[in-house]
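Participant: Heads up: the sequence shown at position 7 corresponds to 21 in the working numbering, and the numbers run straight through without jumps.
Even for Gly, the Cβ is constructed at its ideal location relative to N, Cα and C.
These numbers come from a predicted model, not from an experiment.
Take this structure first; my questions come after.
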Amino acid sequence: MASNITYPDDRAEWFIDGDKLCLITNVDSSGNTRTTARKQWKAISESVTDGLLLHYYGEPNSVVSINDELDLDNTMHLAVVDYVKKCLYMDKAGSALDPNITAAAMQLSNVHQLKFDNSIRRYGMRKRDKTGGSRVLKSVSLM
């Protein structure tokens, strides 16, 4: 950037909301830190001359205990429920002594497997948004 700010990477934040990119900073154009809490973070007022590089990690957090929350997009929560139900019905089919219970549990397991596969196909691209890698973001001209 053509800027007076010494370390802009320490003074700027960014987030993506849908297909919009927001850049904010807590310093003014002369490099002075804003101290007013209400106006501390504002849109960046620097001119970007050589482009903008954003680097982030998009791998979901691992689940290590029963109390951990899944780091998934909320469109995938029902798919995980169907996957768990499928596994539980398969366990029930493997441990049941009555062949009728085994057949019913396997059929319910197959139903939840189909629901899981359908939701992965439907929301698969959103699910893959959590994986890391290079991305290109084209911004529109505001002039």
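#1: State the Cα-Cα distance for the pair T116 and S109, rounded to the nearest angstrom.
#2: Going by DSSP, what residue range makes up the beta strand (DSSP E) through D31?
#3: Using the Cα positions of Q121 and D33, report the straight-line distance between them to the nearest angstrom.
#4: Roughly how far, in whole angstroms, is the beta-carbon of S133 from the beta-carbon of M104, given that I think they are within contact range, below 8 Å?
#5: Return helix, strand or coil for A119, following the three-state DSSP convention.
#6: In the DSSP assignment, find the unbroken beta strand (DSSP E) run with L37 in it and report its ends.
#7: Check the DSSP bridge columns for K56 and list the partner residues they point to.
Facilitator: In short:
#1: Translated into positions along the sequence shown, residue 116 becomes position 102. Translated into positions along the sequence shown, residue 109 becomes position 95. Answer to the nearest angstrom: the Cα atoms are 8 Å apart.
#2: In the sequence shown, the residue the question calls residue 31 occupies position 17. 26-31 is the span of the beta strand (DSSP E), which, as asked, contains D31.
#3: Looking up residue 121 in the sequence shown gives position 107. Looking up residue 33 in the sequence shown gives position 19. So the alpha carbons of these two residues sit roughly 41 Å apart.
#4: Taking the sequence shown and counting its residues from 1, one reaches residue 133 at position 119. Taking the sequence shown and counting its residues from 1, one reaches residue 104 at position 90. That pair is no contact at about 18 Å.
#5: To locate residue 119, count along the sequence shown from 1; it is residue 105. Helix, per DSSP.
#6: Here residue 37 corresponds to residue number 23 of the sequence shown, with the count starting at 1. Here the beta strand (DSSP E) through L37 covers 34-39.
#7: By 1-based counting over the sequence shown, the position of residue 56 is 42. Beta-bridge pairing links K56 to T39.
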